[in-house]
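Trainee:
Residue numbers (our numbering): 539 to 726.
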């Protein structure tokens with residue numbers, strides 16, 4: 539009889555437990571890399587906002603933003619709720635962030651080509667186990683705005699990727715390394 543570990547691995551479609559462990563390790567490392575990349579993106583976008591000259595959104599636009607915010611989040615719609623001002627501030631920060639990224643994209647001539655759009659549609663179709671043509675049809679079925687939103691999201695990602703390529707990112711360990719712990723002990 540094979541060891542129970544091997545039976546478990548085979549039950550999940552792996553030839554050996556080692557193969558299953560390698561697959562799990564790869565998946566975990568990818569998850570960590572994705573998390574680090576997402577945090578880097580968020581930090582970079584915040585840094586871009588800090589570097590931008592402060593500006594107020596036009597009053598008409600602010601009112602439109604508030605109305606859209608209220609429509610999109612009915613459970614948050616109570617203006618008397620104590621968290622409402624913080625939620626509204628966050629929505630306004632997001633709009634300012636969008637303006638800053640848009641300006642960077644314009645200055646750097648970052649665009650989304652039809653090929654970029656097609657690649658994204660194919661990628662999302664695969665993620666949803668659909669043919670690209672089905673996904674496209676579903677995307678534009680209800681309204682053309684969906685395609686514009688997809689194109690906008692793709693452009694934003696390209697702008698952030700552009701900034702990431704040029705950023706100097708330092709990864710700082712949360713735990714002191716053994717060497718620094720030893721050196722601090724020897725200093726005492």
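Every residue, glycine too, gets a C-beta built ideally from N, C-alpha and C.
So is residue 567 buried or exposed if we call it buried at 16+ other beta carbons inside 10 Å?
Mentor: Exposed is the call here.
Trainee: Short of 8 Å in beta carbon distance, which residues of its chain neighbour residue 692, apart from the five on each side in sequence? Order them along the chain.
Mentor: Closer than 8 Å at Cβ, skipping near neighbours: 650, 654, 655, 658.
Trainee: Give the DSSP-derived three-state secondary structure of residue 649 in the structure shown.
Mentor: Note: residue 649 maps to coil in three-state DSSP.
Trainee: Rounded to whole angstroms, what is the Cα-Cα separation between residue 586 and residue 572?
Mentor: Going from the Cα of residue 586 to the Cα of residue 572 covers about 21 Å.
Trainee: So, for residue 556: in the same chain, excluding its five sequence neighbours on each side, which residues have a beta-carbon less than 7 Å away from its beta-carbon?
Mentor: Cβ neighbours of residue 556 beyond the five flanking positions: none.
Trainee: I'd like to know whether the C-beta atoms of residue 583 and residue 635 end up nearer to each other than 8 Å.
Mentor: Going by C-beta atoms, residue 583 is nearer than 8 Å to residue 635.
Trainee: Do you know offhand how far residue 590's Cα is from residue 668's?
Mentor: The straight-line gap from Cα to Cα measures roughly 41 Å.
Trainee: Can you name, in chain order, every residue of its own chain whose Cβ lies under 6 Å from the Cβ of residue 703, other than the five neighbours on each side?
Mentor: Here the set comprises nothing.
Trainee: Using 10 angstroms around the beta-carbon of residue 697, count the other beta-carbons present and answer buried if the total reaches 16, otherwise exposed.
Mentor: The residue is buried, with at least 16 neighbouring Cβ atoms inside 10 Å.
Trainee: Any idea what DSSP makes of residue 666, helix, strand or coil?
Mentor: DSSP places residue 666 in coil when its eight states are reduced to three.
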